[in-house]
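Numbering (this note's numbering), first residue to last: 180 to 393.
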Amino acid sequence: KLSPEDGTKVGPEMGDDKIQALKAHLEKHKIAAVNFGVTGIDKDEAKARPVFEFAKKLGLYGVTTESLGSLDTLEKLAKEYDVKVCFHNHPKPTALWNPDTIWNAIKDRHENIGFCADLGHWATSGLDPLEVIRKIAPRVRSFHMKDREIVGKPSRDRPFGTGVIDNFAILDEVRKHGFAGNVTIEYEINWKNNVTEIAQCVGYLRAYSASRKG
């Protein structure tokens, strides 16, 4: 919701006054909104368009979705609004757990269509996230970045660099293809008291950035 005092749900249903209030709040705290979703998007253009209107008004880079059945509509609107559409994956047995499903659908589509690569969910599904990225790197538009204890079954998130996912190598792969998207840190345990672990993840990404300068 917009604030403790205002229960307005953040999304396409917001009026322009509420969007301006949200933008002012973000600017006050020096935060840049980059993506909206994961959200369902209808293949009916009239129903899908408000999502892109909202994204454009808020100055977003992309919208994140699993609505692969709406691809024709999403491609049209992604081009019109110059907003990225980032297809997200959840683990088995969900429809998009296998990256080939998304890859085969989008590989020849407009450049604004790509992946929101959720690395932890691939690990849960028994896939090596680095090997997946090596195949799909040209189409990665954003990340839900995680590190995990193990590959092949559900496991707890770990601070970046302390688990089994080689996020340095993954970032190197997408940079070879001019990656200009964004990375969302996902640490989905100890929700109310995980600032220390999130800070470790931030430090990991800063170390990566520093090590690749020059």
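A virtual CB, placed ideally from N, CA and C, is assigned to each residue, including glycine.
This structure is a prediction, so every number in the text was calculated from the model and none was measured.
Taking a cut-off of 8 Å on C-beta distances, the segment 199–219 does not touch the segment 336–345, as fewer than three cross pairs fall below it. Around the beta carbon of Ser321, a 10 Å sphere encloses 16 or more other beta carbons of the protein chains shown; the residue is thus reported as buried. Comparing alpha-carbon positions, the option among Glu365, Val262, Val189 and Ser388 lying closest to Phe347 turns out to be Ser388. Comparing C-alpha distances from Pro317 to each of Ala203, Ala296 and Leu239 shows the shortest one belongs to Ala296. Collapsing the DSSP output to three states places Asn346 in a helix.
Annotation for Ala257: Lys263, Val264, His289, Asn291 and Ile292 place their beta carbon closer than 7 Å to its own, counting only its chain and skipping 5 residues before and after. Along the segment 306–365, the beta strand (DSSP E) occurs as fully enclosed runs of 3 or more residues at 319–324 and 361–364, listed in sequence order. Contact between Val213 and Leu253 does not hold, since their C-beta atoms are separated by about 18 Å, which reaches or exceeds 8 Å. According to DSSP, residue pairing for Asn214 in a beta bridge involves Gly241. About 7 Å separates the CB atoms of Lys325 and Ile344; that is less than 8 Å, so the two are in contact. At the C-beta level, Arg327 and Gly342 come within 8 Å of one another.
Looking at the DSSP output, Gly293 bridges to Cys265. If you draw a straight line from the Cα of Pro229 to the Cα of Asn268, it comes to about 23 Å. Residue state for Val189 is assigned as coil, using DSSP reduced to three classes. Taking Ile349 as the centre and dropping the five residues before and after it, the same chain places the C-beta of Leu309 and Ile312 closer than 6 Å to its C-beta, in chain order. Contact check for Leu247 against Ile210 fails: the beta carbons are separated by 8 Å or more. In this structure, the straight-line span from the alpha carbon of Trp301 to that of Glu352 is close to 17 Å.
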